[in-house]
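One structure is given here, and the rest of the page talks about it.
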Amino acid sequence: MAIAIIYMAKEFNWNHSMQGYVSSSFYIGYISTQIIGGVLTDKFGCRRVLGTGIGEGPTYPAIFSLITKWFPPKERSRAVSVICVSHYISMVIAMPVSNLLGSSQFGWESIFWVFAIVGFIWSVCWHFYGKSEPRDYPGISKEELDLILENESTVCTEDNFGNYQSGSRECITIIDDDHIVPKSENDMLLPKDQISSRTHYVHKIPWKLIFSRREVWAIFLCEFFGAWCFFILFNWLPIFYYEYFNVDIHLIGFYASGYICDYAIHQLKFNVLTVRKSFNIIGTLGLLIPLLLLDIAPKYAGVICGLGNTFAVAPAFFAVAIAGWLLDVTSNNWSIIWCICTLFEVTGTAFYVSWAGGEVIIE
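Right under this line is the structure:
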């Protein structure tokens, strides 16, 4: 959409405000399926939710719920890192491809058709080969299955408490009859053969408990402020290249964030080290946020991820539209846009550093 909007604006002679409204309209459907996608994933499994093909909204909640069932705790950080990195790799591929399609004889409409066909092909493959649980996948080896099931309930073991903040050894377990039972250390040390290795899907979501934890709010607020900057960059950066740097419309998709770094250093006269550190912190936090939700509540990863993405997409809807309006009323003053992004990134980082932690586990 970030590339297609340039061709669409040129064809229909849209101003920045209209471009912002059109770009932000995509997120109406995205935000409306986040929470429901996470809830359905935790209740019925990832395979059914992703297999419905109802859109991008449920994708991340379903994926993070899937990770808690397919990966032992010691491998989940790597799994999340691969997922997050693949997201940006796909953007690096999709933008140039979109540029080529938009500049072809088929026009900007072909961008939507091509990616829709690719998504449909993937959905068909997922329907036949995707599984919510490792034990249901026929191609998994016995050794790998035993490894996953053996480590499935180790998040709250005594050995793992050393990985969390001191001062709390309470592990809150939600059971089906709506009671909350603090598990003692002796309960946690029961032999593994007394613990069911079968995945139990969630019947009731402890909404009050989830919203009462500062670790959860660390995710929500950091997602909110970080997403404000991310979605403005994602949607407006190609237009910024096109208008401010006069980049050829056929080459916009091939440009990356290096231009922003160079602009900050050479035009805004920012210190080189400050620019490098800032971009590194932004990129690092993007990978750390999903890891936290896997630590504090693996059983409800889909729900919390859906809530977190809802907090993230909410500013996307408003920020993209507001950025277009600001450009019109300030006569294309892009510096205001980047200053607001910087302020929001700093605010989100402050909340994350202050509140993030793993001392309470919701199981």
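The numbering of the sequence shown is our numbering, which starts it at 66 and goes up by one. Backbone N, C-alpha and C define an ideal beta-carbon position, used for all residues, glycine too.
Practice prompt. Within the same chain, show all residues whose beta-carbon is closer than 7 Å to that of F305, passing over the 5 residues directly before and after it, in chain order.
Written response: Counting only residues of its own chain and dropping the five nearest sequence neighbours on each side, F305 has a CB closer than 7 Å to the CB of W399.
Practice prompt. State the DSSP-derived secondary structure class of N398, mapped to helix, strand or coil.
Written response: N398: coil per DSSP, three-state reduction.
Discussion item. To test your reading of the DSSP string, which unbroken beta strand (DSSP E) runs of 3 or more residues are found completely within the region 86-154?
Written reply: As far as the region 86-154 is concerned, it has no whole beta strand (DSSP E) run of at least 3 residues.
Item to complete: Please determine, among K139, G110, P138 and P137, the residue with the shortest C-alpha to C-alpha distance to A127.
Response: Here the closest residue by C-alpha is G110.
Item to complete: Compute the beta-carbon to beta-carbon distance between Y417 and C287, rounded to the nearest angstrom, for a pair I have assumed lies under 8 Å.
Response: Confirmed, about 4 Å.
Worksheet item: Just curious, the alpha helix (DSSP H) that P303 is in, first and last residue?
Response: If you look at P303, you'll find it in the alpha helix (DSSP H) that goes R279 to Y309.
Fill in: Member of N397, E209, N311 and H81 whose CA lies at the smallest distance from the CA of W135
Ranking the options by Cα distance to W135, first place goes to E209.
Item to complete: Would you check if there are 3 or more beta carbon pairs closer than 8 Å linking the region 71-83 to the region 92-110?
Response: The region 71-83 makes no contact with the region 92-110; the number of CB pairs closer than 8 Å stays below 3.
Fill in: Given M52 as reference, the closest of Y365, I71 and V183 once Cα atoms are compared
Residue coverage of the chain in this structure runs from 66 to 428, which leaves residue 52 outside it and unanswerable.
Item to complete: Go through its chain and collect everything with a Cβ distance to C190's Cβ below 8 Å, but skip five positions before and after it.
Response: Hits under 8 Å: none found.
Worksheet item: Anyone know if the C-beta pair for S188 and G116 falls short of 8 Å?
Response: A contact, by the Cβ cut-off of 8 Å.
Worksheet item: Does the beta-carbon distance from I402 to I297 come in below 8 Å?
Response: Pairing I402 with I297 gives a Cβ-Cβ distance under 8 Å.
Practice prompt. Indicate the three-state DSSP secondary structure (helix, strand or coil) for L408 in the structure shown.
Written response: The DSSP-derived three-state label of L408 is helix.
Discussion item. Check for me: the alpha helix (DSSP H) holding F171 runs from which residue to which?
Written reply: Here F171 belongs to no alpha helix (DSSP H), and DSSP marks it neither H nor E.
Discussion item. Using only CA atoms, which one of I405, R113 and G389 lies nearest to G291?
Written reply: Measuring from the Cα of G291, the nearest candidate turns out to be I405.
Worksheet item: Run through DSSP, which three-state label would W403 get?
Response: Reduced to three states, the DSSP call for W403 is helix.
Item to complete: Taking 8 Å as the threshold, find out whether the region 152-168 comes into contact with the region 387-399 through three or more Cβ pairs.
Response: No, the region 152-168 is not in contact with the region 387-399.
Worksheet item: Would DSSP call H315 helix, strand or coil?
Response: It is coil, neither helix nor strand.
Fill in: Proximal residues to S163 (C-beta, below 7 Å), its chain only, five neighbours per side dropped
By the criterion of a C-beta distance shorter than 7 Å, S163 is surrounded in its chain by I68, A69, I176 and G318, once the five residues flanking it on both sides are discounted.
Item to complete: Between the Cα of L131 and those of K139, T395 and A144, spot the shortest distance and give me the residue it belongs to.
Response: Of all alpha-carbon atoms in K139, T395 and A144, the one lying nearest the alpha-carbon of L131 is that of A144.
Fill in: Nearest-angstrom beta carbon gap, S88 and N311 [assumed within contact, 8 Å]
21 Å between Cβ atoms; not a contact.
Fill in: DSSP state of N374 mapped onto helix, strand, coil
N374: helix per DSSP, three-state reduction.
Item to complete: Between the Cα of K364 and those of F91, K269 and F376, spot the shortest distance and give me the residue it belongs to.
Response: For K364, the nearest C-alpha among the options comes from K269.
Item to complete: Let me know the secondary structure DSSP gives P203 once reduced to three states.
Response: Coil, per DSSP.
Item to complete: Would you kindly check if the distance between the Cβ of G367 and the Cβ of T106 is under 8 Å?
Response: Yes, Cβ-Cβ distance for T106 and G367 is below 8 Å.
Practice prompt. Assign I369 to one of two classes, buried (16 or more other C-beta atoms within 10 Å of its C-beta) or exposed (fewer than that).
Written response: Around the beta carbon of I369, 16 or more other beta carbons sit within 10 angstroms, so the residue counts as buried.
Item to complete: Could you check if L408 is buried or exposed, using at least 16 other CB atoms within 10 Å of its CB as the buried criterion?
Response: Exposed is the call here.
Worksheet entry | Rounded separation between L392 and T412 - CA only | Between L392 and T412, the C-alpha separation is close to 23 Å.
Worksheet entry | Straight-line Cα distance separating D201 from Y194 | If you take the alpha carbons of Y194 and D201, they lie about 10 Å apart.
Discussion item. Taking 7 Å as the cut-off, is the beta-carbon of V104 closer than that to any non-hydrogen atom of the ligand ADP?
Written reply: What this structure holds is no ligand at all, so the ligand ADP is not there to describe.
Discussion item. Within a Cβ cutoff of 6 Å, which residues of the same chain sit near K75, ignoring the five residues on either side of it in sequence?
Written reply: Within the same chain, K75 has no close Cβ partners at all.
Worksheet item: Rounded C-beta distance between G389 and G167? I'm assuming under 8 Å.
Response: Actually they are not in contact, since the Cβ atoms of G389 and G167 sit about 20 Å apart, beyond 8 Å.
Practice prompt. Select from F129, W420 and I93 the residue whose C-alpha is nearest the C-alpha of S277.
Written response: Looking at the Cα atoms, W420 is the closest of the given residues.
Item to complete: For V179, I'd like the list of residues in its chain whose CB is within less than 8 Å of its CB, leaving aside the five on either flank, ordered along the chain.
Response: Beyond the five residues adjoining it in sequence on each side, V179 comes within less than 8 Å, by CB distance, of V162 and L166 in the same chain, given in chain order.
Worksheet item: Taking the alpha-carbon positions, what's the S151 to Y95 distance?
Response: One C-alpha to the other measures close to 19 Å.
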